[in-house]
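> Protein chains in written order, with my numbering: chain A, 1 to 427; chain B, 428 to 758.
Backbone N, C-alpha and C fix where the C-beta goes; we use that ideal spot for every residue, glycine too.
Computed from a predicted structure; not experimentally measured.
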Amino acid sequence: MLEQIEGSKAMARVIALCRPQVICAYPITPQTHIVEGLGDLVREGALQNCEFINVESEFAALSVAIGSSAAGARSYTATASQGLLFMAEAVYNAAGLGLPIVMTLGNRAIGAPINIWNDHSDAMALRESGWFQLFAETNQEAADLHVIAFRLAEELSVPVMVCVDGFVLTHAMERVDIPTQQQVDAYLPPYEPVQVLDPADPISIGAMVGPDAFTEVRYLQYYKQQTAFDLIEDLAAEFSESFGRASGGLLRDYHCGDAELAVVAMGSVNGTIKDVIDELRAEGMSIGLVTLVTFRPFPTRALQQVLAGAKHVLVIDRSLDPGMGGPLASNVDLALRNLLSPPAIHSAIAGLGGRPITKASLHRLFMQAMEKPWEGPNFVDLNEKVVGRELHRRARARRSGPAAENVLKILETERAAAFQARIETAE
Amino acid sequence: MDSTQKLKFYQKGTLTVGNRLVDEASRNVQASRQRSNSLTCGHRACQGCGEALGARYAIDAAMRAAGNQLIAVNATGCLEVFTTPYPETSWQMPWMHSLFGNAAAVASGVAAAMRVTGKHGTRVVAQGGDGGTTDIGFGCLSGMFERNDDVLYICYDNEGYMNTGVQRSSATPPAARTATTPAIGAQPGNVFGTGKFVPKIAVAHDIPYVATASVADLHDLEAKVTRAMSFHGARYIQINVPCPLGWGAASHDTIRLARLAIETGLFPIFEAEYGRVTHVRKIRKPKPVSEYLKLQRRYAHLFRDGVEDPRVARIQGIADRHIEEYGLLES
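1) Are there three or more Cβ pairs, one per stretch, closer than 8 Å when the region 531 to 545 of chain B is compared with the region 584 to 597 of chain B?
2) Beta carbon of proline 377 (chain A), beta carbon of isoleucine 357 (chain A): below 8 Å?
3) Quick one: grab the DSSP three-state call for methionine 370 (chain A).
4) Please tell me whether arginine 542 (chain B) has its Cβ less than 8 Å away from any Cβ of chain A.
5) Under three-state DSSP, which class holds threonine 413 (chain A)?
6) CB proline 601 (chain B) to CB valine 578 (chain B), shorter than 8 Å?
7) Kindly indicate which three-state DSSP category isoleucine 66 (chain A) falls into: helix, strand or coil?
8) Rounded to whole angstroms, what is the Cα-Cα separation between glycine 744 (chain B) and tyrosine 719 (chain B)?
9) To the nearest angstrom, report how far apart glutamine 665 (chain B) and cysteine 582 (chain B) are at their CA atoms.
10) If you drop the 5 nearest sequence neighbours on each side, which residues of the same chain put their C-beta closer than 6 Å to that of methionine 370 (chain A)?
11) May I ask you to list the residues that DSSP assigns as paired with asparagine 765 (chain B)?
12) Roughly how many angstroms separate the alpha carbons of leucine 442 (chain B) and alanine 553 (chain B), rounded to a whole number?
13) Do valine 668 (chain B) and aspartate 584 (chain B) have their beta-carbon atoms positioned less than 8 Å apart in this structure?
14) Just how far apart, CA to CA, sit arginine 550 (chain B) and leucine 755 (chain B)?
15) Using CA coordinates, which residue listed in B:Ile611, B:Ala452 and B:Val642 is at the minimum distance from arginine 683 (chain B)?
16) So, is the C-beta of glycine 130 (chain A) closer than 8 Å to a C-beta in chain B?
17) Does methionine 428 (chain A) pass the burial test, meaning 16 or more other C-beta atoms within 10 Å, or should it be called exposed?
18) List the whole-angstrom C-beta distance separating serine 465 (chain B) from isoleucine 486 (chain B), where the pair is believed to meet the contact cut-off of C-beta under 8 Å.
19) Name the two residues that bound the continuous beta strand (DSSP E) containing tyrosine 254 (chain A).
20) Is aspartate 198 (chain A) close to chain B, meaning its C-beta is less than 8 Å from at least one C-beta of that chain?
21) Could you round the C-beta distance between glycine 67 (chain A) and glycine 536 (chain B) to whole angstroms and report it? I think they count as a contact, below 8 Å.
22) Is DSSP giving proline 377 (chain A) helix, strand or coil here?
23) Which value, in whole angstroms, describes the spacing of the CA atoms of arginine 394 (chain A) and leucine 411 (chain A)?
24) What does serine 569 (chain B) touch in chain A if you count any residue whose Cβ is under 8 Å from its own?
25) Applying the criterion that 16 or more other CB atoms from any shown protein chain within 10 Å of the CB defines a buried residue, is serine 48 (chain A) buried or exposed?
26) What in chain B is Cβ-close to asparagine 378 (chain A), meaning under 8 Å?
27) Within 8 Å (strictly less), CB to CB, does asparagine 49 (chain A) reach chain B?
28) Counting only Cβ-Cβ distances shorter than 7 Å, please list the residues of the region 609 to 641 of chain B near chain C, keeping chain order.
29) Interface residues of chain A around serine 463 (chain B) at Cβ under 9 Å?
30) At which residues does the beta strand (DSSP E) containing threonine 79 (chain A) begin and terminate?
31) For chain A, is any of its Cβ atoms less than 8 Å away from the one on glutamine 519 (chain B)?
32) Let me see if you follow: with CB-CB separation under 8 Å, is isoleucine 486 (chain B) close to chain A or not?
33) Taking DSSP as the reference, what is the three-state secondary structure of cysteine 567 (chain B)?
34) Does any C-beta atom of chain B lie closer than 8 Å to the C-beta of isoleucine 34 (chain A)?
35) Go through its chain and collect everything with a Cβ distance to arginine 252 (chain A)'s Cβ below 6 Å, but skip five positions before and after it.
36) Should proline 402 (chain A) be labelled buried (16 or more other beta-carbon atoms within 10 Å of its own) or exposed?
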């Protein structure tokens with residue numbers, strides 16, 4: 001049924017339809033509304049046969065889910081940002097144990113400096129943890145991906161992270177089609193674990209593995225991910241057949257067929273990018289877009305196929321590896337490098353810590369990629385004046401002070417000066 | 428419990444506790460041919476390991492109380508490492524290890540899964556060493572307590588990080604030498620005035636059952652595990668388990684040391700229910716702490732050149748305070 005609903009609430013409703021048996025709740029902005037919504041549904045009785053557990057930390061949230069999943073219950077939790085890092089050890093552990101936990105990640109920046117707004121720093125920080133990572137473009141997809149995620153997780157016995165842009169999606173009111181219980185039940189069969197703690201058939205889980213077998217265990221993890229591409233596509237196709245709309249899959253191609261310049265991006269920014277592409281194509285520019293839905297496992301072959309004809313590929317990262325640049329750009333570069341005529345890769349870092357990615361900025365960026373491509377990462381809308389002043393100040397004084405506070409001070413001084421100038425002009 | 432108190436094995440002048448001297452009903456779980464043998468032989472613990480002994484008695488007692496419907500969650504540590512070198516396992520029961528600091532939370536999850544899947548008869552036990560319990564796993568432990576999750580958490584307290592090479596934990600006693608509190612300098616060994624006694628903190632959570640136990644009194648240990656299993660909700664037992672390697676003691680002195688820890692008053696044995704102490708194991712005639720300390724090389728610096736360090740008196744003070752605080756002296 002179509003509803004005008006907040007993203008988090010829509011996700012909560014659809015997650016409830018997936019019949020999770022154990023939900024671990026710990027508040028961290030911006031995922032909080034999801035577990036609150038689920039808590040309401042459990043209290044109201046709309047979600048029955050479910051243990052809703054208020055835990056004392058994110059580390060405990062995922063640890064409880066590890067226990068409940070290993071004991072045979074469909075388990076779910078949600079987190080964001082610092083929360084994901086606080087549970088990092090358990091994130092790796094769940095993947096290493098092969099437990100089909102589904103976790104929503106309300107994507108948010110990681111401090112310091114502390115910042116609660118949206119970017120992809122959290123998901124990127126744990127991209128090598130062994131979890132599948134799916135990125136939602138809209139709230140409809142955010143809701144739908146959870147149904148797919150439970151099915152995918154349980155078929156392969158792997159944990160799946162559904163990455164949803166914090167605030168931009170989680171707190172946005174949008175039209176979402178909430179499926180019926182019958183639809184979800186038909187798509188998602190009850191959880192049948194491949195390994196379970198059961199007194200009738202006692203096993204040991206989580207044994208010590210030495211050098212003689214560790215590589216093999218790790219290889220099997222790699223093998224599982226590398227052979228999952230067809231399943232991910234099949235599950236998306238089946239979803240589209242059952243629910244009457246497209247969600248999930250490896251990636252989506254928007255006018256890449258003939259495009260000289262192809263943009264690659266993940267998450268909610270794809271909507272804005274498509275608007276800009278429509279305008280530029282109307283002006284005659286040969287430009288397309290790849291919306292990457294599945295980031296882990298990384299769909300190298302699918303990306304090669306869709307980008308085989310592109311001359312330039314512009315990758316938009318919503319996070320930064322300070323020692324390297326854009327993590328998505330590095331991955332795309334690696335994936336395309338063996339093409340017969342590999343495209344030039346241009347990396348853009350945009351929308352860090354919640355900075356809006358506007359159509360105007362994207363317009364400028366795409367024009368620049370066609371006309372004056374750059375080397376290394378391009379920081380979209382970087383205030384170079386502020387950075388310059390801070391660098392200059394640092395060069396002059398050893399005890400230059402904390403960077404974040406200095407930048408804020410410079411910005412405040414600039415604002416005050418602009419205000420003063422306005423008053424003087426008015427006088 | 429009462430039958431255990433009446434046995435008074437010490438009167439026999441031997442360290443062996445003989446089951447054949449007591450009636451059938453009072454004999455321990457280990458004496459029964461029906462014991463589950465959950466932690467079976469062939470594991471790789473050191474000779475004289477107190478933890479292996481404590482775990483075997485505790486888990487078999489819990490198994491019997493649960494009608495063998497029991498799942499164990501293990502923190503990283505000696506017990507985990509010496510029982511499950513892949514592909515071997517000593518556990519003849521469903522057993523899981525996740526991380527060092529999350530055993531209590533994982534056990535909460537297992538308990539939740541049992542409730543939600545309708546397996547109400549299947550009980551859950553979590554276990555770890557003092558490092559995994561009183562330090563790195565303390566947050567998860569306290570969380571499990573305050574939620575009153577249906578988990579019995581057993582801490583095998585050997586007073587340090589023995590698996591990683593004998594480092595100090597918050598359960599390491601004052602003056603003890605560890606790799607991170609070396610017997611060097613003017614104040615050798617662990618500093619005074621630090622550390623924590625988690626059983627007291629557990630009692631402060633008002634959970635249904637808290638107890639301390641010792642491998643020196645295995646009847647009492649089994650009785651406490653059995654008592655703990657008769658409650659639902661969060662329960663905690665801390666078992667004093669001497670570590671020959673970490674304490675620098677002879678393998679054959681494990682039981683003797685555990686007994687001295689009780690009889691000096693250094694390790695008080697008590698039970699508490701819903702936040703109140705209900706039972707204390709009395710000491711007939713307290714032993715001087717020096718008798719306990721001298722058997723361990725981790726305290727050797729206190730007795731250098733035949734001279735007793737003044738800090739022995741401070742340790743005696745701690746024992747005396749325990750005796751007073753818990754009313755340990757038999758009147």
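Short version:
1) Result no; under three Cβ-Cβ pairs closer than 8 Å.
2) The residue labelled residue 377 (chain A) in the question sits at position 377 within the first sequence. The residue labelled residue 357 (chain A) in the question sits at position 357 within the first sequence. Result no, Cβ atoms of proline 377 (chain A) and isoleucine 357 (chain A) do not sit closer than 8 Å.
3) The residue labelled residue 370 (chain A) in the question sits at position 370 within the first sequence. In the structure shown, methionine 370 (chain A) sits in a helix (DSSP, three-state: H, G or I).
4) If you number the second sequence from 1, residue 542 (chain B) lands on position 115. Chain A, which has a Cβ nearer than 8 Å to the Cβ of arginine 542 (chain B), makes this yes.
5) Numbered from its first residue, the first sequence carries residue 413 (chain A) at position 413. In this structure, threonine 413 (chain A) counts as helix in the three-state DSSP scheme.
6) One-based indexing of the second sequence puts residue 601 (chain B) at position 174. One-based indexing of the second sequence puts residue 578 (chain B) at position 151. For proline 601 (chain B) and valine 578 (chain B), no; Cβs fall outside 8 Å.
7) Counting from 1 along the first sequence, the entry for residue 66 (chain A) is found at position 66. DSSP places isoleucine 66 (chain A) in helix when its eight states are reduced to three.
8) Translated into positions along the second sequence, residue 744 (chain B) becomes position 317. Translated into positions along the second sequence, residue 719 (chain B) becomes position 292. For glycine 744 (chain B) and tyrosine 719 (chain B), the distance between alpha carbons rounds to 14 Å.
9) Translated into the one-based positions of the second sequence, residue 665 (chain B) becomes position 238. Translated into the one-based positions of the second sequence, residue 582 (chain B) becomes position 155. In a straight line, the C-alpha of glutamine 665 (chain B) is about 5 Å away from that of cysteine 582 (chain B).
10) In the first sequence, the residue the question calls residue 370 (chain A) occupies position 370. Contacts found: Leu261.
11) Since the first and last residues shown for chain B are 428 and 758, residue 765 (chain B) lies out of range.
12) Position 15 of the second sequence, counting from 1, holds the residue named residue 442 (chain B). Position 126 of the second sequence, counting from 1, holds the residue named residue 553 (chain B). Legend: pLDDT at leucine 442 (chain B) = 46, less than 50; position of this residue unreliable, value from coordinates given subsequently. About 30 Å.
13) The residue you call residue 584 (chain B) lines up with position 157 of the second sequence. The residue you call residue 668 (chain B) lines up with position 241 of the second sequence. In this structure, valine 668 (chain B) lies closer than 8 Å to aspartate 584 (chain B) by Cβ.
14) Locating residue 550 (chain B) in the second sequence gives position 123, where the first residue counts as 1. Locating residue 755 (chain B) in the second sequence gives position 328, where the first residue counts as 1. Cα to Cα, arginine 550 (chain B) sits roughly 33 Å from leucine 755 (chain B).
15) Numbered from its first residue, the second sequence carries residue 683 (chain B) at position 256. Closest by alpha carbon: B:Val642.
16) Along the first sequence, one-based indexing puts residue 130 (chain A) at 130. It does not: the Cβ of glycine 130 (chain A) has no partner Cβ on chain B nearer than 8 Å.
17) Only positions 1 to 427 of chain A appear in the structure, and residue 428 (chain A) is not among them; the question remains open.
18) As a first step, residue 465 (chain B) is located in the second sequence; it is residue number 38 there, counting from the start. As a first step, residue 486 (chain B) is located in the second sequence; it is residue number 59 there, counting from the start. Correct: roughly 5 Å between the Cβ atoms.
19) Residue 254 (chain A) sits at position 254 when you count from the first residue of the first sequence. Taken as a continuous stretch (DSSP letters only), the beta strand (DSSP E) holding tyrosine 254 (chain A) covers 251 to 254.
20) As a first step, residue 198 (chain A) must be located in the first sequence, where it is residue number 198. By this cut-off, aspartate 198 (chain A) is an interface position.
21) Residue numbering aside, residue 67 (chain A) sits at position 67 when the first sequence is read from its first letter. Residue numbering aside, residue 536 (chain B) sits at position 109 when the second sequence is read from its first letter. Correct: roughly 2 Å between the Cβ atoms.
22) Numbered from its first residue, the first sequence carries residue 377 (chain A) at position 377. Looking at proline 377 (chain A) - three-state DSSP - the assignment turns out to be strand.
23) Walking along the first sequence from the start, residue 394 (chain A) turns up at place 394. Walking along the first sequence from the start, residue 411 (chain A) turns up at place 411. Going from the Cα of arginine 394 (chain A) to the Cα of leucine 411 (chain A) covers about 16 Å.
24) Start at 1 with the first residue of the second sequence, and residue 569 (chain B) comes out as number 142. Ordered by position in chain A, the residues that pass the 8 Å Cβ test against serine 569 (chain B) are Glu56.
25) Taking the first residue of the first sequence as 1, we reach residue 48 (chain A) at position 48. The sequence given here places glutamine at residue 48 (chain A); serine does not occur at that position. Counting of Cβ neighbours within 10 angstroms places glutamine 48 (chain A) among the exposed residues, the total staying below 16.
26) What you label residue 378 (chain A) is simply residue 378 of the first sequence in a count that begins at 1. Result: empty, since nearest Cβ-Cβ is about 40 Å, beyond 8 Å.
27) In the first sequence, residue 49 (chain A) corresponds to position 49, counting from 1. With 8 Å as the cut-off, asparagine 49 (chain A) counts as an interface residue toward chain B.
28) Judged by its chain identifiers, the structure shown contains no chain C, and its protein chains are A and B.
29) Counted from its first residue, the second sequence places residue 463 (chain B) at position 36. Chain-ordered listing is empty here: chain A has no CB closer than 9 Å to the CB of serine 463 (chain B), the nearest sitting near 10 Å.
30) The residue given as residue 79 (chain A) occupies position 79 in the first sequence. Here the beta strand (DSSP E) through threonine 79 (chain A) covers 75 to 79.
31) Here the question's residue 519 (chain B) lines up with position 92 in the second sequence. So yes, glutamine 519 (chain B) belongs to the interface.
32) Reading the second sequence from its first residue, position 59 is the one you call residue 486 (chain B). It does not; no Cβ of chain A falls within 8 Å.
33) Numbered from 1 along the second sequence, position 140 holds the residue referred to as residue 567 (chain B). Helix, per DSSP.
34) Position 34 of the first sequence, counted from the first residue, corresponds to residue 34 (chain A). No, its Cβ sits nowhere closer than 8 Å to a Cβ of chain B.
35) Start at 1 with the first residue of the first sequence, and residue 252 (chain A) comes out as number 252. Cβ within range, chain order: Thr291.
36) Counted from its first residue, the first sequence places residue 402 (chain A) at position 402. Exposed: under 16 other Cβ atoms inside 10 Å.
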